[in-house]
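Written out below as structure tokens is the structure these notes cover.
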Amino acid sequence: VEDLVVLGIETSCDDTAAAVVRGNGEILSQVVSSQADLLARNGGVDPKMAGEAHSQVIDQVVQETLDKANLTEKDLSAVAVTIGPGLSICLRVGVQKARKVAGRFNLPIISVHHMEAHTLVARLIEKNLQFPFVALLISGGHNLLILAHDLGQYTQLGTTIDDAIGEAFDKTAKWLGLDMRRSGGPAIEELAGEGNAESVRFSIPMKQHKDCNFSYAGLKTQVKLAIASKNIDATIPISCASSQDRSSRADIAASFQRVAVLHLEERCQRAIEWALKIEPSIKSLVVSGGVASNQYVRARLNQIVKNNGLQLVCPPPSLCTDNGVMVAWTGIEQFVVGRYDPPPPVNEPEDFV
Ligand code: KG4
Ligand code: ZN
Numbered sequence: 078v079e080d081l082v083v084l085g086i087e088t089s090c091d092d093t094a095a096a097v098v099r100g101n102g103e104i105l106s107q108v109v110s111s112q113a114d115l116l117a118r119n120g121g122v123d124p125k126m127a128g129e130a131h132s133q134v135i136d137q138v139v140q141e142t143l144d145k146a147n148l149t150e151k152d153l154s155a156v157a158v159t160i161g162p163g164l165s166i167c168l169r170v171g172v173q174k175a176r177k178v179a180g181r182f183n184l185p186i187i188s189v190h191h192m193e194a195h196t197l198v199a200r201l202i203e204k205n206l207q208f209p210f211v212a213l214l215i216s217g218g219h220n221l222l223i224l225a226h227d228l229g230q231y232t233q234l235g236t237t238i239d240d241a242i243g244e245a246f247d248k249t250a251k252w253l254g255l256d257m258r259r260s261g262g263p264a265i266e267e268l269a270g271e272g273n274a275e276s277v278r279f280s281i282p283m284k285q286h287k288d289c290n291f292s293y294a295g296l297k298t299q300v301k302l303a304i305a306s307k308n309i310d311a312t313i314p315i316s317c318a319s320s321q322d323r324s325s326r327a328d329i330a331a332s333f334q335r336v337a338v339l340h341l342e343e344r345c346q347r348a349i350e351w352a353l354k355i356e357p358s359i360k361s362l363v364v365s366g367g368v369a370s371n372q373y374v375r376a377r378l379n380q381i382v383k384n385n386g387l388q389l390v391c392p393p394p395s396l397c398t399d400n401g402v403m404v405a406w407t408g409i410e411q412f413v414v415g416r417y418d419p420p421p422p423v424n425e426p427e428d429f430v
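Going by full-length UniProt numbering, the first residue of the sequence shown is number 78, and it counts up by one from there.
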């Protein structure tokens, strides 16, 4: 296992990412090429343009990843690649590249589920993290609570009935006129630090539903109304706003963040109770996905976890957002138990995928 060297490729959304990871969890190299500029220009992900952007950089990203690790394809044991969920036009770019490399160098290929990768990267960070555990996965497209019984065996405890929390952060940032050259989440987190989180009274979603599902559409509407009622003009970038205008934007950011996270806290508490009834040996809550890089989210969930006598496992921000390391590592976990496919034929036509 120690000698394994796996290349991981991730192109499911707007980041083109690759990494080389060793069987013992050592990260030999990683590269992320983000489409942030493209996103800012379009105000969101356009699948076709995102696919083209992946195609333009994929060869370079993989080459740079190998160079940084001082390796060539011949040193690899296998290639792991995200096959879903995600935008199919984008996923295809990664899968084609992975199959080309694997075919040419006679390497096994490992298919990785994007959300499983977000979950299992926690086991690279925390070597003592054993199954079963509970995981909260929070990103731009997903809001999931799962009970991880074993590799490839998960029970879904809850999901969103409309939007994911990251989407709510991104829209709030857009409506508040924040700099969209980066994703909205970090911009809201920063601005929230200046605001009063108690100043705007947003209601916590789905209080009356005693389950582990999520909803962020209603909170988004509440935010939109609050912005309108304070006469905030998002066409004026925050950098040009008056100090009074800036502070009312900060109050909304802080109040939104507080309630968005209270919703997570409530659901996590219930999920832990449910999960312990099914698997009493659970000791950890994993929190991963882009939104898990938020320090306020981490601090609040850490409190919930501590109250329940559990341990919080939250990867560092660079491994919470989409990355190649999580794919390579999940590839390793699967490879060790024989879950991989034989090398694809050499010169397989690209449109095969
Ligand atoms: O996991 P990820 O990189 O991509 C998806 O699979 O969606 O997550 C991206 C999401 C975006 O919505 C982004 O705004 C959010 O994660 N995000 C954050 C923070 N950093 C990234 N949300 C809140 N606070 C942050 N610091
Ligand atoms: Zn993701």
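Even glycine gets a Cβ: it sits at the ideal position worked out from N, Cα and C.
Since the structure is predicted, the reported quantities are computational estimates derived from the model, not experimental observations.
Using 8 Å for Cβ pairs, my map puts residue i next to residue j. What's the rounded Cβ distance?
i, j, result
"A225", "F210", "5 Å"
"K297", "D227", "Between D227 and K297 the Cβ distance is about 36 Å, and since that is not below 8 Å, they are no contact."
"F182", "L221", "The Cβ separation is near 35 Å, so there is no contact."
"I186", "P393", "Going by Cβ atoms, the distance from I186 to P393 rounds to 28 Å, so no, they are not a contact pair."
"S216", "V368", "6 Å"
"C289", "R344", "5 Å"
"Q346", "Y373", "Contact flag wrong, Cβ pair sits at about 17 Å."
Start and end of the beta strand (DSSP E) containing residue i?
i, result
"I86", "82 to 87"
"D92", "92 to 99"
"H190", "186 to 190"
"Q107", "104 to 111"
"S364", "For the record, residue 364 in the displayed sequence is Val; it is not Ser. Looking at the DSSP string, the run of the beta strand (DSSP E) that includes V364 is 361 to 365."
Could you check the C-alpha separation between residue i and residue j for me, to the nearest Å?
i, j, result
"I86", "L214", "20 Å"
"L164", "F291", "22 Å"
"L302", "G254", "15 Å"
"A274", "D256", "21 Å"
"L105", "D91", "23 Å"
"V178", "W406", "18 Å"
"R375", "T312", "32 Å"
"Y417", "V189", "10 Å"
"P422", "A199", "34 Å"
"F412", "A146", "21 Å"
"W252", "R326", "10 Å"
"E425", "V300", "50 Å"
"G218", "C391", "19 Å"
"Q137", "L148", "15 Å"
"L132", "G295", "Per the sequence shown, the amino acid found at residue 132 is Ser instead of Leu. Using only the alpha carbons, I get a separation of about 37 Å."
"K383", "V277", "28 Å"
"F246", "P314", "17 Å"
"D328", "A250", "13 Å"
"S306", "A330", "15 Å"
"M284", "G366", "Correcting the residue identity first, residue 284 is Lys in this sequence and not Met. Cα-Cα distance, rounded: 24 Å."
"T93", "Y293", "28 Å"
"I202", "A130", "30 Å"
"A264", "S395", "16 Å"
"T142", "G408", "16 Å"
Starting from residue i, trace the alpha helix (DSSP H) in both directions and tell me its first and last residue.
i, result
"D227", "Taken as a continuous stretch (DSSP letters only), D227 belongs to no alpha helix (DSSP H), being part of the beta strand (DSSP E) at 220 to 227."
"I409", "402 to 413"
"T142", "124 to 145"
"L389", "No alpha helix (DSSP H) contains L389, which is instead part of the beta strand (DSSP E) from 388 to 390."
"D322", "320 to 355"
"N379", "372 to 384"
"C397", "394 to 397"
Return helix, strand or coil for residue i, following the three-state DSSP convention.
i, result
"T312", "coil"
"D418", "strand"
"L153", "coil"
"V158", "strand"
Using 8 Å as the limit for Cβ to Cβ distance, is residue i near chain C?
i, result
"V423", "Here chain C cannot be found, since the structure has a single protein chain."
Those runs of the alpha helix (DSSP H) which lie wholly inside the region 231 to 300 and span at least 4 residues: 242 to 252, 261 to 269
Please give me, in chain order, every unbroken run of the alpha helix (DSSP H) with length at least 4 that falls completely inside the region 169 to 213. 191 to 202
Give every residue whose Cβ lies closer than 5 Å to any heavy atom of ligand 3, listed in chain order. Annotation note on ligand 3: not contained in the displayed structure, which lists ligand 1 and ligand 2 as its ligands.
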